[in-house]
DNA sequence: TTCATATTTCGATGATAATTTAAATATGCG
DNA sequence: CGCATATTTAAATTATCATCGAAATATGAA
């Protein structure tokens, strides 16, 4: 039914460094106000506003107004997946300053990928869940949750609808390729629920500065060791 | 190990209309000389040369010199997949001329997608293979080839290594989402082998003008009807 | 060697789009 | 209401980059 797609619509939008930085910030999963989205790439609010309206028009992000603030978020999971895919194909940027290097280190160590955990933490957690027999590789692009896994997640109190899970014996647990580690980690619905739980339990907290980086708390460290035998050495 | 990826490298390259048209032409799977890649988007050889060198530097395409010609092709399967994915997310372009409309119609009717068949022909063929019981849905992203299917492809003389296929009972038959039909069709290794066979048998031929469109021959029509009960009405 | 073709390099031009300054709108607070 | 904050709109400036003409290089053919 459709005519030829105009792919430059999307790519030229992501192709601008300022807009790319904005989208990247929104990959953290949080909706951010226009002001913050101006500060992050280091442009004036006017410039940011211009970019944001273009991104909205191009259906890459969506707005929600709360009082005098306008909160922007990624328009869909699809957009996040596209960004992550492009990241895995993109060349690494060369590090110029110590400050930049430290920021990169944080992001690679642990971050959110739209709505689930990524970086070394995300990968280590995925590996641990496999080792413990809670999840297993299903296919090129999906994970399976095992019987033990269902029991385990129930005991954690994740609030998953276990009956639905049982019906088709399968959870939407997408394998998400990590650009920094080049290893798959758990994304999809399960990934989102796990990340949400980690935040609620205060095992991880977001780092200041509006980046995607997250920090493991003391409590989180203890729990990860106890539940999944993940030591801090695994995350270095 | 990697630092933060510079995603604007790729997206800004694809973001230019001229370069996008070049990449799209190369999605046909054929390597094309610089001259042709200037003619298709309608720019001078000088302009084309400038774009081509950028695309090479960005690892999106690769060159091969034959005499005084330089043949350009997509750098990898990955690039083709990225292009196709972006296409499914992109808005349709509005048709302005009859000429343009006819070209779009051809492309939607039958085309190559890097190395396999797409468009209505690709989708109809896939449906037929499923109906006949030769292939089956395996997962969200893959097809399975059945026992009958293995037998069928052998009888066609596709030159597939059947022993390897039997070992894991599974062929790398990727489900490729079609931007024009929004339905999956067979890609991956199997898709490439099928398309190659169709070309060799002269059931399909490439259309002139360097686009991705292909045309079904009289012979092809007869064969498709006989083998898969595909009538021309299915392709309208 | 000489000529024609394919392609690239260089330098200049021009168009597009990001950015900025200035001003407007809209919301919340006292 | 009056003022501060958050954000957008409009107009002007500037920077980037695609494009093209001119010239160079490289290969093949005569």
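Protein chains in written order, with the numbering used here: chain A, 855 to 1090; chain B, 855 to 1090. We put the beta carbon where it would ideally sit given N, CA and C, even for glycine.
**Study point:** For residue 925 (chain B) and residue 1046 (chain A), the rounded distance between their alpha carbons
**Key:** C-alpha of residue 1046 (chain A) to C-alpha of residue 925 (chain B): approximately 45 Å in a straight line.
Review point. Name the chain A residues whose beta carbon is nearer than 7 Å to that of residue 895 (chain B)?
Key: What residue 895 (chain B) touches in chain A: nothing, since even the nearest Cβ is about 12 Å away.
Review point. Chain B beta carbons: is any one of them nearer than 8 Å to that of residue 976 (chain A)?
Key: By this cut-off, residue 976 (chain A) is not an interface position.
Exercise for review: Say whether chain B places a C-beta atom closer than 8 Å to the C-beta of residue 892 (chain A).
Suggested key: No, residue 892 (chain A) lies away from the interface with chain B (no Cβ there is under 8 Å from its Cβ).
Review point. Quick one: complete beta strand (DSSP E) runs, 3+ long, within the region 912-984 of chain A?
Key: Counting whole runs of 3 or more residues, the region 912-984 of chain A contains the beta strand (DSSP E) stretches 915-920, 923-928, 965-967 and 970-972.
Point to revise | Option in B:919, B:901 and B:964 with minimal Cα separation from residue 1034 (chain B) | key: Ranking the options by Cα distance to residue 1034 (chain B), first place goes to B:964.
Review point. Is it the case that the Cβ atoms of residue 989 (chain B) and residue 999 (chain B) are separated by a distance below 8 Å?
Key: Result yes, Cβ atoms of residue 989 (chain B) and residue 999 (chain B) sit closer than 8 Å.
Practice item. Specify whether the region 966-973 of chain B and the region 1048-1056 of chain B touch according to this definition: at least 3 beta carbon pairs, one from each stretch, less than 8 Å apart. Key: Segments in contact, yes.
Review point. In chain B, which residues lie less than 7 Å from residue 990 (chain A) when you measure between Cβ atoms?
Key: For a Cβ distance threshold of 7 Å, nothing in chain B lies close to residue 990 (chain A): the least Cβ distance comes to about 14 Å.
Check your understanding: Any chance the CB of residue 1072 (chain B) is under 7 Å from a heavy atom of the ligand PLP?
Key -> No copy of the ligand PLP appears in this structure; indeed no ligand is present at all.
Exercise for review: Identify the contact partners of residue 904 (chain B) in chain A, using a Cβ-Cβ distance below 8 Å as the criterion.
Suggested key: Around residue 904 (chain B), no beta-carbon contact reaches into chain A at under 8 Å, the shortest distance being about 17 Å.
Point to revise | Residue interval of the alpha helix (DSSP H) (run including residue 878 (chain B)) | key: For residue 878 (chain B), the enclosing alpha helix (DSSP H) has its first and last residue at 871-880.
Review point. Which of helix, strand or coil does DSSP assign to residue 864 (chain A)?
Key: Helix, per DSSP.
Review point. Beta carbon of residue 1027 (chain B), beta carbon of residue 996 (chain B): below 8 Å?
Key: A Cβ-Cβ contact shorter than 8 Å links residue 1027 (chain B) with residue 996 (chain B).
**Study point:** For residue 1008 (chain A), three-class secondary structure by DSSP
**Key:** Here residue 1008 (chain A) sits in helix by DSSP.
Check your understanding: Distance, Cα to Cα, residue 917 (chain B) vs residue 940 (chain A)?
Key -> In this structure, the straight-line span from the alpha carbon of residue 917 (chain B) to that of residue 940 (chain A) is close to 22 Å.
Review point. Do we get a CB-CB distance below 8 Å when we pair residue 1087 (chain A) with the residues of chain B?
Key: By this cut-off, residue 1087 (chain A) is not an interface position.
Exercise for review: Specify whether the region 857-871 of chain B and the region 865-883 of chain A touch according to this definition: at least 3 beta carbon pairs, one from each stretch, less than 8 Å apart.
Suggested key: By the Cβ criterion, the region 857-871 of chain B is in contact with the region 865-883 of chain A, since at least three pairs of Cβ atoms, one from each stretch, lie closer than 8 Å.
Point to revise | Reference residue 1038 (chain A); option with closest CA among A:1009, A:1056, A:979 and A:1010 | key: When C-alpha distances from residue 1038 (chain A) are compared across A:1009, A:1056, A:979 and A:1010, the shortest belongs to A:979.
Review point. List, in order along the chain, the chain B residues whose C-beta lies closer than 7 Å to that of residue 869 (chain A)?
Key: Using a Cβ-Cβ cut-off of 7 Å, residue 869 (chain A) is close to 862, 865, 866 and 869 of chain B, given in chain order.
Exercise for review: Specify the secondary structure class of residue 1023 (chain A) as computed by DSSP and reduced to three states.
Suggested key: Any reading at residue 1023 (chain A) needs caution, since the residue's pLDDT is 45, under 50, leaving its predicted position unreliable; the model's value is listed next. Of the three classes helix, strand and coil, the one that applies to residue 1023 (chain A) here is coil, per DSSP.
Exercise for review: Say whether chain B places a C-beta atom closer than 8 Å to the C-beta of residue 940 (chain A).
Suggested key: By this cut-off, residue 940 (chain A) is an interface position.
**Study point:** Own chain residues within Cβ distance below 7 Å of residue 885 (chain A), not counting five before or after
**Key:** Within its own chain, the residues whose Cβ lies closer than 7 Å to the Cβ of residue 885 (chain A), once the five positions on either side in sequence are excluded, are 918, 925, 926 and 927, listed in chain order.
**Study point:** Buried versus exposed, by CB contacts within 10 Å (16 or more), residue 1008 (chain A)
**Key:** When all chains shown are included, residue 1008 (chain A) counts as exposed.
Practice item. Give the range of the alpha helix (DSSP H) segment to which residue 1047 (chain B) is assigned. Key: For residue 1047 (chain B), the uninterrupted alpha helix (DSSP H) segment begins and ends at 1042-1054.
Review point. What does residue 936 (chain A) touch in chain B if you count any residue whose Cβ is under 9 Å from its own?
Key: 936, 939, 940 and 943, listed in chain order.
Review point. With distances taken from CA atoms, which of A:911, A:891, A:1084 and A:954 is nearest residue 923 (chain A)?
Key: Comparing Cα positions, the closest option is A:891.
Practice item. Give a yes or no on contact between the region 901-914 of chain B and the region 896-909 of chain A, applying the rule of three or more CB pairs nearer than 8 Å. Key: Counting C-beta pairs closer than 8 Å gives fewer than three between the region 901-914 of chain B and the region 896-909 of chain A, which falls short of the contact rule.
Review point. So is residue 953 (chain A) buried or exposed if we call it buried at 16+ other beta carbons inside 10 Å?
Key: By the Cβ-count criterion, residue 953 (chain A) is exposed, with fewer than 16 other Cβ atoms from all chains shown falling within 10 Å of its own Cβ.
**Study point:** Three-state class that DSSP yields for residue 1029 (chain A) in the structure shown
**Key:** The three-state reading of DSSP puts residue 1029 (chain A) in strand, counting E and B together.
Point to revise | Member of A:981, A:1071, A:985 and A:1013 whose CA lies at the smallest distance from the CA of residue 1029 (chain A) | key: Restricting attention to A:981, A:1071, A:985 and A:1013, the CA atom closest to the CA of residue 1029 (chain A) is found in A:981.
**Study point:** Beta-carbon proximity list for residue 1076 (chain B), same chain, < 8 Å, skipping 5 on both sides
**Key:** So no residue of the chain qualifies.
Review point. From what residue to what residue does the beta strand (DSSP E) around residue 996 (chain A) run?
Key: 996-999 is the span of the beta strand (DSSP E), which, as asked, contains residue 996 (chain A).
Exercise for review: For residue 1072 (chain B), count neighbouring C-beta atoms within 10 Å of its own C-beta (all shown protein chains included) and say buried if the count is 16 or more, exposed if not.
Suggested key: Taking every protein chain shown into account, the CB of residue 1072 (chain B) has fewer than 16 other CB atoms within 10 angstroms, so this residue is exposed.
Practice item. Find the nearest neighbour of residue 946 (chain B) within the set A:1058, A:1059 and A:860, judged by alpha-carbon distance. Key: Restricting attention to A:1058, A:1059 and A:860, the CA atom closest to the CA of residue 946 (chain B) is found in A:860.
Exercise for review: Please classify residue 905 (chain B): is it buried, with 16 or more other beta-carbons within 10 angstroms of its beta-carbon, or exposed?
Suggested key: Here residue 905 (chain B) is buried. Its C-beta has 16 or more other C-beta atoms within 10 Å.
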